[in-house]
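Structure record follows, encoded as structure tokens.
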Amino acid sequence: MDKYLFRLYSKMISQKEQFLKYLAQTSPIPLSIEVEKAEGVWLFDKEGKKYLDLISGISVSNIGHRHPEVVKAIHGQLEKYLHVMVYGEFILDTQVELARLICSTLPTPLDNVFFVNSGSEAIEGAMKLSKRATGRTKTVSFKNGYHGSTHGALSIMGGEEYKNSFRPLLPDVYIVDFNDTDSLSEIDERTACVVAETLQGEAGAIVPDTAYLQALRKRCDETGALLVLDEVQCGMGRTGRLWAFEHFNIIPDIIAMAKGLGGGLPLGCFVTSKKLMQQLTHDPVLGHISTFGGNPLCCAAALATLKVILDEKPYLQADKKEKLFRENLNHPLIKSIRGKGLMLALEFESFEQNKRIIDRCIKKGIITDWFLFAPNCMRIAPPLIIEEAEIKEACKIIFEVLDKERE
Ligand SMILES: Cc1ncc(COP(=O)(O)O)c(C=O)c1O
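The sequence shown begins at 82 in the working numbering and counts up by one.
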């Protein structure tokens, strides 16, 4: 098609039709909200309709959309430089300062950061480092665990139906029940690492027992397996502590972060001890690298985000806000409310019922969705800065939708 005709044609078909035609689709029924603007806890579509964001896209906008400090930091970095060469060769202020600040929030021995672009990549890096450092090949992960969609992360995913079309995947992966001390015997002297979400996200906000996580830590110590905690979703204050592992009095060997870390720009990292991370400098040299991991603009946004979180400590309000959701969502259709802080799941009878409720909520201006491994559960993961009046308003609308569902 010539350029003129192409432009004319593009103007004639709606944005939604173009979205469906030119963009890769990930499901047969996309939400298709045409986003115009996002600010704080609110999203606005092209018609000016306002939506309260109860999912933070997903668990990313922990301090709200376009936090002024984040926007300012991005502008500041824009004036200096964007991409140069970002992995471990040049000294970039925002990267160094961010790595130092991340380490200052973590206990010994977590004092060295490898920046990547996403949660999946943080997990890939942690898995590779574990193999390299231990000389072992076996990986243990958990049923209903989600760690990303790349081949390595997919290999350790705890949901077989998502894996079957993409085999062969990584060998020597063992997937066991989460929060079940009996299955810890699968961790042995051949195990390079155990990868667990501290709180399982896509399983529908599952909070493990403290005794279980402590037993997991102990089993890793006994066998020499490295404990990798995936805090991609449950980190950055979402559960009421900056890092979810703080609830359980354990320390991982490697922690993976992403999502909320970048404050709305793509950034991930894995953090471990300097001694362990040193393994990636040799045998082979450049054995793990990334063109964009630690991009200065993303690091500037992440640095501003972490400073806001550390200064304002919005996560300290998460318990109170969780309680408010629980008090205001006491409805007979809700079978249970799972989770901790602002990582919650409302359990319904079935996926079909949940989907009807979610669709009606969205129509009424509440953005929510379901979980990959818990399709009968509705996600409540708003920005941590959500105010009490906004929680009450959201619950009122959800309640109306549930009453209608009961009619
Ligand atoms: C716990 C967890 N780990 C890893 C990932 C993968 O992160 P990304 O989508 O940034 O690759 C996700 C994404 O939802 C996640 O929830």
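In this text, a Cβ means the ideal position worked out from N, Cα and C, and glycines have one as well.
Beta strand (DSSP E) segment containing residue i, residue limits
{"i": "lysine 421", "result": "417-421"}
{"i": "cysteine 458", "result": "455-461"}
{"i": "threonine 215", "result": "It is not in any beta strand (DSSP E) - threonine 215 instead sits in the alpha helix (DSSP H) that spans 200-215."}
{"i": "tyrosine 255", "result": "254-257"}
{"i": "threonine 272", "result": "272-278"}
{"i": "leucine 124", "result": "123-126"}
{"i": "leucine 131", "result": "The sequence shown places lysine at residue 131, not leucine. It spans 131-134 - the beta strand (DSSP E) in which lysine 131 sits, taken as one unbroken run."}
{"i": "phenylalanine 100", "result": "Per DSSP, phenylalanine 100 belongs to no beta strand (DSSP E); it is in the alpha helix (DSSP H), 96-103."}
{"i": "alanine 496", "result": "Because the chain is modelled from 82 through 488, residue 496 falls outside the range shown and cannot be assessed."}
Residue i: CB within 7 Å of a non-hydrogen atom of ligand 1
{"i": "valine 59", "result": "The question about residue 59 has no answer here: the residues shown for the chain are numbered 82 through 488."}
{"i": "serine 201", "result": "yes"}
{"i": "isoleucine 517", "result": "The structure shown has nothing for residue 517, since the chain only spans 82 to 488."}
{"i": "lysine 421", "result": "no"}
{"i": "lysine 209", "result": "no"}
{"i": "glutamate 62", "result": "Past the edges of the chain, shown from 82 to 488, lies residue 62, and the structure says nothing about it."}
{"i": "tyrosine 227", "result": "yes"}
{"i": "glycine 349", "result": "yes"}
{"i": "glutamate 430", "result": "no"}
{"i": "isoleucine 139", "result": "yes"}
{"i": "lysine 97", "result": "no"}
{"i": "lysine 244", "result": "no"}
{"i": "alanine 339", "result": "yes"}
{"i": "glutamate 205", "result": "no"}
{"i": "glycine 345", "result": "no"}
{"i": "glycine 374", "result": "no"}
Opening and closing residue of the alpha helix (DSSP H) in which residue i lies
{"i": "glutamate 115", "result": "Run containing glutamate 115: none; DSSP gives neither H nor E here."}
{"i": "threonine 291", "result": "291-304"}
{"i": "aspartate 484", "result": "469-487"}
{"i": "isoleucine 439", "result": "432-444"}
{"i": "phenylalanine 569", "result": "For residue 569 there is no data in the structure shown, the boundaries of the chain being 82 and 488."}
{"i": "isoleucine 390", "result": "377-393"}
{"i": "leucine 357", "result": "355-358"}
DSSP state of residue i mapped onto helix, strand, coil
{"i": "histidine 156", "result": "helix"}
{"i": "isoleucine 183", "result": "helix"}
{"i": "cysteine 350", "result": "strand"}
{"i": "methionine 424", "result": "strand"}
{"i": "alanine 284", "result": "coil"}
{"i": "aspartate 192", "result": "coil"}
{"i": "valine 141", "result": "coil"}
{"i": "glutamate 120", "result": "strand"}
{"i": "threonine 218", "result": "coil"}
{"i": "glycine 344", "result": "strand"}
{"i": "valine 151", "result": "helix"}
Outcome for residue i when other beta-carbon atoms lying within 10 angstroms are tallied against a minimum of 16
{"i": "leucine 104", "result": "exposed"}
{"i": "alanine 470", "result": "exposed"}
{"i": "lysine 219", "result": "buried"}
{"i": "lysine 402", "result": "buried"}
{"i": "proline 333", "result": "buried"}
{"i": "lysine 340", "result": "buried"}
{"i": "asparagine 496", "result": "Nothing in the structure corresponds to residue 496, since the chain is present only between 82 and 488."}
{"i": "histidine 228", "result": "buried"}
Determine contact between the segment 150-164 and the segment 377-397, defined as no fewer than three beta-carbon pairs at a distance below 8 Å.
Touching, yes.
Is the number of C-beta pairs between the segment 242-260 and the segment 307-325 that are closer than 8 Å three or more?
The segment 242-260 is not in contact with the segment 307-325.
Any contact of the segment 260-273 with the segment 446-463, i.e. 3+ C-beta pairs under 8 Å?
In the pairwise beta carbon analysis, the segment 260-273 is classified as not touching the segment 446-463: fewer than three pairs are separated by under 8 Å.
If we count Cβ pairs, one from each stretch, closer than 8 Å, do we get three or more for the segment 360-378 versus the segment 164-174?
Touching, yes.
Taking contact to mean 3 or more Cβ pairs, one atom from each stretch, closer than 8 Å, check whether the segment 184-203 and the segment 335-349 are in contact.
Result yes; three or more Cβ-Cβ pairs closer than 8 Å.
Would the segment 279-299 and the segment 324-333 be scored as touching if the rule is three or more Cβ pairs under 8 Å?
With the cut-off at 8 Å, the segment 279-299 and the segment 324-333 touch.
Does the segment 294-309 come close enough to the segment 191-200 to have 3 or more Cβ pairs within less than 8 Å?
Taking 8 Å as the limit for Cβ pairs, the verdict is that the segment 191-200 does not touch the segment 294-309.
Does the segment 108-124 come close enough to the segment 353-365 that 3 or more CB-CB pairs lie under 8 Å?
Between the segment 353-365 and the segment 108-124, the count of Cβ pairs shorter than 8 Å is below three; the stretches do not touch.
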